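**Student:** Sharing a structure here in structure tokens format.
Numbering (UniProt numbering), first residue to last: 1 to 455.
Below is the structure:
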């Protein structure tokens, strides 16, 4: 629940919201900067995996290009009991990241956990899918969000244990918080297929899955999630060879599709690209992860819209409180009253060197002028001034992507690179990164004029 603003601040907010157009016009006149043109969002790719060293700990990785992945956190999640094989990740409409995973070699449950920041995870529940109890096996659950907004988990199950004939089933969420699910429904794929991963392109569902008899990844299509499915790629149709499993697909910004898969016998990981999900290129080994990562999924998220931001020494003036600027105070960020007549120390606190983003040069980081080893970064969603530790987590937390200001009129908003959907904004004059809402107050709180430096 949002905390209450002081009465004086509420009065100012009402006044400023009424007059926001005039304030924005004045801000644009002072800055003299034209409205920036958008060049496109900046992607990053989140991976959740178990590893060759542990079936009970999940590792989290991140990439700017879907090829070179860096570790965000080792042992990011350990379930209260059982295993964490095959973790599949989504970002749900509530802003949380959710994983679903294999809990054991045998049994009839799949596990769920969630995270606000994809670094620290909390167990949510195990869901019993009811296929023959402890004598069956339930493997490789994968998220699938359909174009109608429905959320599904597709998993592979055998009623007779690990040596049995697997086939894919699905369950569907029946409430928004993903706590209630339908009974399992067979997908309509023949027996002895596992690791089913589904994507939808236009009106066609594409299912990439492992044939357990031949050990090839095959490709089936349908016009309904319940089939009937037609196999359009069988055997060595793509030229990747046998002994592959764990297909996972993400889409690249240029519209191409990338499939990842595990050559488990050799402990090597590969990817291949396609323009149409029908014809794929040759497999390419994934650098840095072969021999380490196992059966993962990759979630692409986009930040910003490519709006360019002037670099060098700058100050950030609040749009809806135009007498206030972003300023660090006691190593925390606020929007405080600052002007050209303020004390020089205060003006320096409100001046930052805008540099290419520490995590992605297409975005931006804010380095303190008077403490040049420190950057604005979010920590537990509060923005603070911290010393650059040089690690990848700090780099992501200190990187923000430009977006045409949510309040319009030439302003700029800054979306978190690490937490897409969260924006640099002030609330109660404290600067945070908060989940975007559609109200006018949030738009004003998260819009700034990038102005000449105060010091």
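All C-beta atoms, glycine included, are put in the ideal place defined by N, C-alpha and C. Just so it is clear, the structure is predicted and the values come from calculations on it, not from any experiment.
(1) Can you check DSSP and say which residues form a bridge with residue 43?
(2) How would you write the range of the alpha helix (DSSP H) that residue 54 sits in, first residue to last?
(3) Which class does residue 393 belong to by DSSP, given the choice of helix, strand or coil?
(4) Name, in chain order, the residues that DSSP records as bridge partners for residue 262.
(5) Taking C-alpha atoms, which residue in 51, 93, 362 and 131 lies nearest to residue 186?
(6) What is the rounded straight-line gap between the Cα of residue 135 and the Cα of residue 263?
(7) Leaving out five residues before and five after residue 240 in sequence, what residues of the same chain have Cβ atoms less than 6 Å from its Cβ?
(8) Should the region 389-408 be called in touch with the region 432-451, which here means at least 3 C-beta pairs below 8 Å?
(9) Give the range of the beta strand (DSSP E) segment to which residue 182 is assigned.
(10) Select from 236, 189 and 210 the residue whose C-alpha is nearest the C-alpha of residue 230.
(11) Starting from the Cα of residue 349, find the closest Cα among 359, 374, 214 and 304 and give me that residue.
(12) State buried or exposed for residue 437, treating a residue as buried only when at least 16 other CB atoms are found within 10 Å of its CB.
(13) With DSSP run on the structure shown, which of helix, strand or coil describes residue 436?
(14) CB-CB under 6 Å to residue 280, same chain, minus the five flanking residues each way: which ones, in chain order?
(15) How far does the beta strand (DSSP E) with residue 336 in it extend, from its first residue to its last?
(16) Return helix, strand or coil for residue 233, following the three-state DSSP convention.
(17) Does the separation of the CB atoms of residue 346 and residue 324 fall below 8 Å?
(18) The beta strand (DSSP E) with residue 387 in it runs from where to where?
(19) Since residue 488 and residue 333 should fall inside the 8 Å C-beta cutoff, what is the C-beta to C-beta distance between them, to a whole number of angstroms?
(20) Are three or more beta carbon pairs between the region 88-95 and the region 122-131 nearer than 8 Å?
(21) Using C-beta distances below 6 Å, list every residue in its chain close to residue 63, excluding the 5 sequence neighbours before and after it, in chain order.
(22) Just to confirm, is the Cβ distance from residue 88 to residue 55 under 8 Å?
(23) With a CB to CB cut of under 6 Å and the five nearest residues on each side skipped, what residues in its chain are close to residue 242?
(24) Is the CB-CB distance between residue 112 and residue 138 below 8 Å?
(25) How would you label residue 211, buried or exposed, when you count the other beta carbons within 10 angstroms and need 16 or more for buried?
(26) Considering residue 349, what are the terminal residues of the alpha helix (DSSP H) in which it resides?
(27) What do you get for residue 285, buried or exposed, if any count of 16 or more other CB atoms within 10 angstroms of its CB means buried?
(28) Between 313, 389, 372 and 171, which has its C-alpha nearest residue 454's C-alpha?
(29) Using a Cβ-Cβ cutoff of less than 8 Å, which residues in the same chain neighbour residue 236 once the five nearest sequence positions on both sides are dropped?
(30) Based on the DSSP secondary-structure assignment, which residues constitute the bridge partners of residue 71?
(31) Thinking C-beta only, is residue 150 closer than 8 Å to residue 172?
(32) Pick out whichever of 97, 160, 122 and 61 has its Cα sitting closest to the Cα of residue 106.
(33) Go through its chain and collect everything with a Cβ distance to residue 77's Cβ below 6 Å, but skip five positions before and after it.
(34) Identify, in the order they occur along the chain, each residue of the same chain with its Cβ nearer than 6 Å to the Cβ of residue 259, setting aside the five sequence neighbours on each side.
(35) First and last residue of the beta strand (DSSP E) that includes residue 341?
(36) On a CA-only basis, which of 451, 219, 127 and 244 is nearest residue 318? Give me that one, please.
**Tutor:** Taking the definition as stated:
(1) Working through the chain shown from its first residue, we reach residue 43 at position 43. According to DSSP, residue 43 bridges with 302.
(2) Working through the chain shown from its first residue, we reach residue 54 at position 54. First-last for residue 54: 54-63, but that is the beta strand (DSSP E), not the alpha helix (DSSP H).
(3) Counting from one through the chain shown, the residue named residue 393 turns up at place 393. Helix, per DSSP.
(4) Counted from its first residue, the chain shown places residue 262 at position 262. In DSSP, residue 262 forms a bridge with 245 and 269.
(5) The sequence position of residue 186 within the chain shown is 186, counting from 1. Here the closest residue by C-alpha is 131.
(6) In the chain shown, the residue the question calls residue 135 occupies position 135. In the chain shown, the residue the question calls residue 263 occupies position 263. Each residue's Cα considered, the two are about 28 Å apart.
(7) Taking the chain shown and counting its residues from 1, one reaches residue 240 at position 240. Around residue 240: 283.
(8) The region 389-408 and the region 432-451 touch, with no fewer than 3 CB-CB distances between them shorter than 8 Å.
(9) Reading the chain shown from its first residue, position 182 is the one you call residue 182. Here residue 182 belongs to no beta strand (DSSP E), and DSSP marks it neither H nor E.
(10) Counting from one through the chain shown, the residue named residue 230 turns up at place 230. Per the C-alpha coordinates, the member of 236, 189 and 210 positioned closest to residue 230 is 189.
(11) As a working note, residue 349 is residue 349 in the chain shown. Of the candidates 359, 374, 214 and 304, the residue whose Cα lies closest to the Cα of residue 349 is 374.
(12) Position 437 of the chain shown, counted from the first residue, corresponds to residue 437. With fewer than 16 Cβ atoms within 10 Å of its Cβ, residue 437 is classed as exposed.
(13) Counting from one through the chain shown, the residue named residue 436 turns up at place 436. In the structure shown, residue 436 sits in coil (DSSP, three-state: anything other than H, G, I, E or B).
(14) The residue labelled residue 280 in the question sits at position 280 within the chain shown. Exclusion of the five residues before and after residue 280 leaves 238, 272 and 274 as the residues of its chain whose Cβ lies within less than 6 Å of its Cβ.
(15) Here residue 336 corresponds to residue number 336 of the chain shown, with the count starting at 1. 332-337 is the extent of the beta strand (DSSP E) around residue 336.
(16) Counted from its first residue, the chain shown places residue 233 at position 233. Of the three classes helix, strand and coil, the one that applies to residue 233 here is strand, per DSSP.
(17) On the chain shown, residue 346 is found 346 positions in, with the first residue counted as 1. On the chain shown, residue 324 is found 324 positions in, with the first residue counted as 1. Result no, Cβ atoms of residue 346 and residue 324 do not sit closer than 8 Å.
(18) By 1-based counting over the chain shown, the position of residue 387 is 387. 382-387 is the extent of the beta strand (DSSP E) around residue 387.
(19) Because the chain is modelled from 1 through 455, residue 488 falls outside the range shown and cannot be assessed.
(20) Contact between the region 88-95 and the region 122-131 is absent, because fewer than three Cβ pairs lie under 8 Å.
(21) Sequence index remark: in the chain shown, residue 63 carries index 63 (1-based). Spatial neighbours of residue 63 in its own chain (CB-CB distance under 6 Å, excluding positions within 5 residues in sequence) are listed in chain order as 45 and 69.
(22) The residue labelled residue 88 in the question sits at position 88 within the chain shown. The residue labelled residue 55 in the question sits at position 55 within the chain shown. In this structure, residue 88 sits away from residue 55, with a CB-CB distance that is not shorter than 8 Å.
(23) Along the chain shown, one-based indexing puts residue 242 at 242. Once the five neighbours on either side are set aside, the close Cβ partners of residue 242 are 215 and 216.
(24) By 1-based counting over the chain shown, the position of residue 112 is 112. By 1-based counting over the chain shown, the position of residue 138 is 138. Not a contact, by the Cβ cut-off of 8 Å.
(25) Within the chain shown, numbered from 1, the residue matching residue 211 stands at position 211. Under the 10 Å beta carbon count, residue 211 is surrounded by 16 or more other beta carbons and is classified as buried.
(26) The sequence position of residue 349 within the chain shown is 349, counting from 1. Under the DSSP assignment, residue 349 falls in the alpha helix (DSSP H) whose first and last residues are 344-349.
(27) To locate residue 285, count along the chain shown from 1; it is residue 285. It counts as exposed.
(28) Translated into positions along the chain shown, residue 454 becomes position 454. It is 313.
(29) The sequence position of residue 236 within the chain shown is 236, counting from 1. Closer than 8 Å at the Cβ level, and outside the excluded window around residue 236, lie 216 and 242.
(30) As a first step, residue 71 must be located in the chain shown, where it is residue number 71. According to DSSP, residue 71 shares a beta bridge with 61.
(31) Here residue 172 corresponds to residue number 172 of the chain shown, with the count starting at 1. Here residue 150 corresponds to residue number 150 of the chain shown, with the count starting at 1. Contact flag set, yes.
(32) Stepping through the chain shown from its first residue, residue 106 is reached at position 106. The candidate whose alpha carbon is nearest that of residue 106 is 160.
(33) As a position in the chain shown, residue 77 is number 77, starting the count at 1. For residue 77, same chain residues with a beta-carbon under 6 Å away, outside a window of 5 residues either side, are 58, 113 and 121 in chain order.
(34) Numbered from 1 along the chain shown, position 259 holds the residue referred to as residue 259. Hits under 6 Å: 247, 249 and 272.
(35) Translated into the one-based positions of the chain shown, residue 341 becomes position 341. Residue 341 -> no beta strand (DSSP E), and no H or E assigned at all.
(36) As a position in the chain shown, residue 318 is number 318, starting the count at 1. The option with the nearest alpha carbon to residue 318 is 451.
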